[in-house]
């Protein structure tokens, strides 16, 4: 090999060695950089973030701020309670603090069975799973297995008899007594007429009794005979000329202990009369014409009595009674549902007992028991319902069918055909609402009626000022 070739080889090897050393140095520098970066990241991740400590000044400021908000909230809550407490108390616990008589509405508590506690969906699902044929078979099977024996019939009527006798203590005998002089100038008492009365309320001092008013117009004193045969004098409290009922009072100061324990206040039913149709009732008092008689039957129907300023319902029954029957009708819970009144017997059913439903009589009885008379207007009317209004193009309200002669309504210019829509600023669209307004007023009070009168084919609003009568 010549010198030039050998020299070239040496130079080539030296260049290769230099390149290799340069590459190794670069790798070493990059590796050290990676290790340094990893260490920095690890150190950063190990650092802890510490909260800045609160100073005593900051704590004091926060404590005072929280306490201030709490104090303001407490003051506002106290003011709210003080201002609204009377409203809540009156709404939740309002009671009549006076000494007046209150006739409570009877509310029957119904025990809820487990079946009645089921949801509507559960009941619907159970009913859907039964076919009509299954239901019919179950009913027929139940009827065939539940044949009533004579002993069971006797047990049923004994229960009805016991219920009737329990409520006999609420019925009294009212007698009108007159004094006549004999040949020797001595006076003697004569009982001109007797009729049943109903104990409707009691106070600490008196017992209130409801009875027909027309028989009390005769001259004579009133005597009350209670169920225990004890007798006491009575005085008239107030009368209602529309219904012909009067409330009389008997003082308790001379009552014996037996009389106090025996008397019972009647429970007046608040059930709507139309819901009683087809229901069984018991007639006590004098339904067959003799005191103490008891009759059983059912309500056959109800209808509105055409009385001025009233919406009393006549309750008809299938009970065969005396044309001069009197007393009360009881339901199966011992509640008084009607006052037997022979004045309202239908002409085509002269021997069927008829009564006036107590649901609408309660307000009138309460007013009479407190010595007040119902304010009178003197109109006969019918309710114009929404359906009647729509089909006949009439305003909703009370359609005046007739006006009593010399009544406050006639004196104020109210005419047949007028439609009453409000009384003293209160909406009055039904006879029931009108009766409630009149029960709140007193005879001699001045009222304002808003009526609709047809003129030139259209109804125009008119304001009428009226002085209520008795």
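Numbering (my numbering), first residue to last: -18 to 451. Cβ coordinates follow ideal geometry from the N, Cα and C atoms, glycine included.
Compute the Euclidean distance between the alpha carbons of residue 184 and residue 210, then round it to the nearest angstrom. On the chain shown, residue 184 is found 203 positions in, with the first residue counted as 1. On the chain shown, residue 210 is found 229 positions in, with the first residue counted as 1. Computed Cα separation, rounded: 21 Å.
Quick one: give me the first and last residue of the beta strand (DSSP E) that residue 431 is part of. As a first step, residue 431 must be located in the chain shown, where it is residue number 450. Where residue 431 is concerned, the enclosing beta strand (DSSP E) stretches over 427 to 436.
Where residue 387 falls: helix, strand or coil (DSSP): Taking the chain shown and counting its residues from 1, the one referred to as residue 387 is at position 406. Reduced to three states, the DSSP call for residue 387 is coil.
Using 8 Å as the cut-off, can you tell me whether the stretch 229 to 237 makes contact with the stretch 259 to 276, which would need three or more C-beta pairs spanning the two stretches below that distance? Because the criterion of three Cβ pairs below 8 Å is not met, the stretch 229 to 237 and the stretch 259 to 276 do not touch.
Pairwise C-alpha distance: residue 449 and residue 142: Walking along the chain shown from the start, residue 142 turns up at place 161. Walking along the chain shown from the start, residue 449 turns up at place 468. Roughly 46 Å separates the two Cα atoms.
Among 276, 313, 311, 335, which has the Cα closest to the Cα of residue 321? Along the chain shown, one-based indexing puts residue 321 at 340. Among 276, 313, 311, 335, the Cα nearest to that of residue 321 belongs to 335.
State the beta-bridge partners of residue 294 as determined by DSSP. For the purposes of this step, residue 294 is taken as the residue at position 313 of the chain shown. Beta-bridge pairing links residue 294 to 285.
Check each candidate in 315, 118, 291 and name the one with the smallest Cα separation from residue 418. Along the chain shown, one-based indexing puts residue 418 at 437. The shortest Cα separation from residue 418 among 315, 118, 291 belongs to 291.
Rounded C-alpha distance that separates residue 349 from residue 181: In the chain shown, counting from the first residue as 1, residue 349 sits at position 368. In the chain shown, counting from the first residue as 1, residue 181 sits at position 200. Cα to Cα, residue 349 sits roughly 11 Å from residue 181.
With H, G and I counted as helix, E and B as strand and the rest as coil, what does DSSP make of residue 156? Counting from 1 along the chain shown, the entry for residue 156 is found at position 175. In this structure, residue 156 counts as strand in the three-state DSSP scheme.
At the level of alpha carbons, what is the spacing between residue 365 and residue 414? Position 384 of the chain shown, counting from 1, holds the residue named residue 365. Position 433 of the chain shown, counting from 1, holds the residue named residue 414. Their backbone Cα atoms lie some 13 Å apart in a straight line.
Taking the alpha carbon of residue 421 as the reference point, which residue from 356, 436, 406 has its own alpha carbon closest? Start at 1 with the first residue of the chain shown, and residue 421 comes out as number 440. When each option's Cα is compared against that of residue 421, the closest is 356.
Apart from the five residues just before and just after residue 383, which ones in its own chain have a Cβ nearer than 6 Å to its Cβ? For this step, residue 383 is matched to residue 402 along the chain shown. Within the same chain, residue 383 has close Cβ partners 361, 397.
Does the Cβ of residue 148 have 16 or more other Cβ atoms within 10 Å, making it buried, or fewer, making it exposed? Your numbering for residue 148 matches position 167 in the chain shown. Residue 148 comes out buried.
Given a threshold of 16 other Cβ atoms within 10 Å of its Cβ, counted over all protein chains shown, does residue 152 qualify as buried or as exposed? Taking the chain shown and counting its residues from 1, the one referred to as residue 152 is at position 171. With 16 or more other Cβ atoms inside 10 Å of its own Cβ, residue 152 counts as buried.
So, is residue 179 buried or exposed, given that buried needs 16 or more other C-beta atoms within 10 angstroms? Taking the chain shown and counting its residues from 1, the one referred to as residue 179 is at position 198. Residue 179 is buried by the Cβ-count criterion.
Going by DSSP, which residues form a beta bridge with residue 440? If you number the chain shown from 1, residue 440 lands on position 459. Answer is 435.
Close beta carbons around residue 305, own chain, < 7 Å, minus the five adjacent residues each side: The residue given as residue 305 occupies position 324 in the chain shown. Same-chain partners within the cutoff: 270, 323.
Quick test of the definition: if touching needs 3 or more C-beta pairs under 8 Å, does the stretch 294 to 314 touch the stretch 254 to 265? yes
Rank 435, 189, 329 by C-alpha distance to the C-alpha of residue 381 and give the top, closest one. Against the chain shown, residue 381 aligns to sequence position 400. It is 435.
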